[in-house]
Each structure stands twice: as structure tokens, then as C-alpha cells.
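Participant: Residue numbers (this note's numbering): 6 to 77. All residues carry an ideal CB built from backbone N, CA and C; glycine is no exception. All values derive from a computational prediction rather than experimental measurement.
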Amino acid sequence: MKNIDEHIEKDREELHEALANDDQGKVRHLLKEMADLGEYKKNHPEDDRDPSPLEVFCDLNPDAPECKIYDD
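Below is the structure:
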């Protein structure tokens, strides 16, 4: 994706397909991803690029071990 808005729109389209196919697992995944991307966008209004899943995770969970940054 070029930016976060395109990613959210793609997820929205896939959500409609998943709902039509009654794919509940995919529906849950897409709803969570859209919520997380929306939260990331709210926290970074100046940044419109499409963040990686790790960037989104660390933005929402800064104290997670995967997100710790250590100075040498």
C-alpha cells in the first residue's frame, strides 16, 4: 500500500467480501486490523504512510518486549 488510507480502504473491501462469505475468522482479523490502523492514524496524524504490523503493534503496546529499545 502507498498509504494508511489505502490500506484501511482495502481492508474495508475485504471485510465486505468476508461478510458475504460468512468467513468469521477473517472478519475478526480485519476488524481488529482496521481498528489498530485507525488508532495508529489517530496517534500519528502527520504520518500518512502505511506502517508495518510491528510499528502498529509497538504503537499500541510500547512496553511489549518486542518494542523495547536499548541504548548501548
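Please classify residue 66: does DSSP put it in a helix, a strand, or coil?
Facilitator: Note: residue 66 maps to coil in three-state DSSP.
Participant: Figure out for me which residue from 34, 60, 35 has the closest Cα to the Cα of residue 46.
Facilitator: Ranking the options by Cα distance to residue 46, first place goes to 60.
Participant: Which same chain residues end up closer than 6 Å to residue 6 when comparing Cβ atoms and leaving out the 5 residues on each side of it in sequence?
Facilitator: Once the five neighbours on either side are set aside, the close Cβ partners of residue 6 are 12, 55.
Participant: Of the choices 20, 67, 25, whose alpha-carbon is the least far from that of residue 35?
Facilitator: With distances taken between Cα atoms, residue 35 lies closest to 20.
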